[in-house]
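These notes are about the structure you will find just below.
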Amino acid sequence: GFATVEIAVKALTEYNAFTFLRKESFRRSEFKDIVKRILISAPNAVDEIPASHADPKPVATTSSPATPKALIVDDDAGWRSILEDIIGESEFTPVTSASFGEALGLLRKDKFSLAVVDLSLRGGQNLDGLQLLNITKGHHIPTIVVSGLSEPEDIQRIYTEHSISAYIEKQAFDRNAFKRLLSETKQINETPDELSILTDREREVLNLLSQGLTNKEIAEELVITTNTVKRHLKAIFEKLDVHTRAAATAIATRGK
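When the letters of the sequence shown are read in order and numbered with this note's numbering, they come out as residues -3 to 252.
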């Protein structure tokens, strides 16, 4: 907490401190990077352990299954760091993004089991955040909104129109409550999904079908031809082992 130049210089020159961080501007991610560099540059402590203390038994290693990925979208570096740390502790692999464009690119090339989105992305007037909610909904990604937006009517609209899993205000952020939400989301992801065998486009077609849209209306909504819709429906029926639109709709709405 001491910010004088003299103390910093003395710590670095006389006491061989590795670096000097001010508490006022402390960032977890920066601190973790520094610790990693220290460990890499430190002498190999294993060489100093007497042979008699070494474990003669080889340690068996097993490959663990890939952990589910969580996309974090927040233009505030401090909040990205906080969310990254908590999510990393909850058996998710956090992937951070600071903008709508960056997040969109990640969503297009990778598969995510969770999204944590701040609606108030800088310069977007909440429109970028809402567009992201549309995309995560279309990809069937459970989404938690962590934002400063607090108008009740806006929050209600986000729940009803975008089917988010939860909404947390930054001003009242509770670490333990957030971790419970992450645990619940992970349990949902571990439940077998009957629709996981469908492609993203097939799921979009099935979602519109379950809303009662005709082939022509689905084609207009997705900007494709009716013949393309028919091909998608044929593939959907085969993968789900059904023969009617009603049966496919029943599977699509199961558990909702």
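Note that the Cβ used here is the ideal one computed from N, Cα and C, for glycine as well.
Check: Element boundaries [alpha helix (DSSP H), containing Lys212]; Outcome: Asn211 to Leu218
Check: Close beta carbons around Gly144, own chain, < 6 Å, minus the five adjacent residues each side; Outcome: Ser116 and Lys166
Check: Helix, strand or coil at Ile164 according to DSSP, with G and I counted as helix; Outcome: strand
Check: Continuous alpha helix (DSSP H) stretch holding Thr92: start and end; Outcome: Careful: Thr92 lies outside any alpha helix (DSSP H), inside the beta strand (DSSP E) at Thr89 to Ser93.
Check: Residue span of the beta strand (DSSP E) that contains Ala111, given as start and end; Outcome: Leu110 to Val113
Check: Residue environment, Arg176, which counts as buried when at least 16 other CB atoms sit within 10 Å; Outcome: exposed
Check: Whole-angstrom distance between Asn223 and Ile78, CA atom to CA atom; Outcome: 48 Å
Check: For Ala66, the residue or residues it bridges with in DSSP; Outcome: Pro90 and Leu110
Check: Under the three-state DSSP convention, the category Ile193 falls into; Outcome: coil
Check: Bridge partner(s) assigned by DSSP for Pro221; Outcome: Checking the displayed sequence, the identity of residue 221 turns out to be Thr instead of Pro. Paired residues: none, contrary to the question.
Check: Per-residue burial, Gly208 [other beta carbons within 10 Å of its own, 16 or more giving buried]; Outcome: exposed
Check: Ile140 - DSSP class collapsed to helix/strand/coil; Outcome: strand
Check: Residue environment, Asp71, which counts as buried when at least 16 other CB atoms sit within 10 Å; Outcome: buried
Check: Of the listed residues Lys230, Asp29 and Ser109, nearest to Asp81 (C-alpha basis); Outcome: Asp29
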